[in-house]
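Chemist: Numbering follows my numbering, with no gaps: position 113 of the sequence shown is 115.
Glycine residues also receive a C-beta, built at the ideal position from the N, C-alpha and C atoms.
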Amino acid sequence: IEELQEKQFIRPSVSPWGAPILLVKKKDGSMRLYVDYRQLNKVTIKNKYPLPRIDDLMDQLVGACVFSKIDLQSGYHQIRVRAENVPKTTFRTRYGHYEYSVMPFGVTNVTGVFMNYMNRIFHPYLDRFVVVFIDDILVYSKTREEHAEHLRIVLQTLKEK
């Protein structure tokens, strides 16, 4: 919780909402905060943004020999929650209530919102040398020289957005 506050991802809340939390042990032995948003998700209007079919994504790779995968860890935390929805992200702990100012994991529409955002910022490069799938970016090229330029473009785009 302290780390999330330091990064300004969460802040104290007085919202009447309040999802329970669980601490889940990760593979490396560290703990991960999991907010149980099942009750919120039940009353949320679902975003029907389509996830791409893996077959369609694989078709784009024909002829490519050089690949790089970029995993956007905490990518969801780079997108702000609309002000009117912030109170709905509240979770309760024994130390008090906190709300997210950025998109939290576990909320129904997070994947669709994030995919839509990624597809918009990478639109000029989709079907050319970039595949986006949720929070992963695959950069593909025919040569190492071409790949270096493609990676530069992708990393610059991420830096600017």
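For residue 116, which three-state DSSP category applies?
Modeler: helix
Chemist: Going by the CB atoms, is the gap between residue 110 and residue 46 shorter than 8 Å?
Modeler: yes
Chemist: List the endpoints of the continuous beta strand (DSSP E) containing residue 58.
Modeler: Counting along the chain, residue 58 falls outside any beta strand (DSSP E), though it belongs to the alpha helix (DSSP H) covering 56-61.
Chemist: Three-state secondary structure (DSSP) at residue 83?
Modeler: In the structure shown, residue 83 falls within a coil segment according to DSSP collapsed to helix, strand and coil.
Chemist: Compute the distance between the beta-carbons of residue 1 and residue 140, then report whether it is under 8 Å.
Modeler: Shown here, the chain extends from 3 to 163; a query on residue 1 therefore has no answer.
Chemist: Okay, do the region 67-85 and the region 145-160 touch, 3+ Cβ pairs below 8 Å being the bar?
Modeler: With a cut-off of 8 Å, the region 145-160 and the region 67-85 count as touching, because enough Cβ pairs lie within range.
Chemist: Within the continuous beta strand (DSSP E) that includes residue 34, where are the two ends?
Modeler: 33-37
Chemist: Using the C-alpha atoms, what's the distance from residue 82 back to residue 55?
Modeler: Each residue's Cα considered, the two are about 27 Å apart.
Chemist: Between the Cα of residue 10 and the Cα atoms of 119, 48, 100, which residue gives the shortest distance?
Modeler: Ranking the options by Cα distance to residue 10, first place goes to 100.
Chemist: DSSP has residue 14 in a bridge; who is on the other side?
Modeler: 100
Chemist: In chain order, what residues of the same chain have a beta carbon less than 8 Å from the beta carbon of residue 13, not counting five sequence neighbours either side?
Modeler: Taken in chain order, the residues that qualify are 7, 100, 101, 103.
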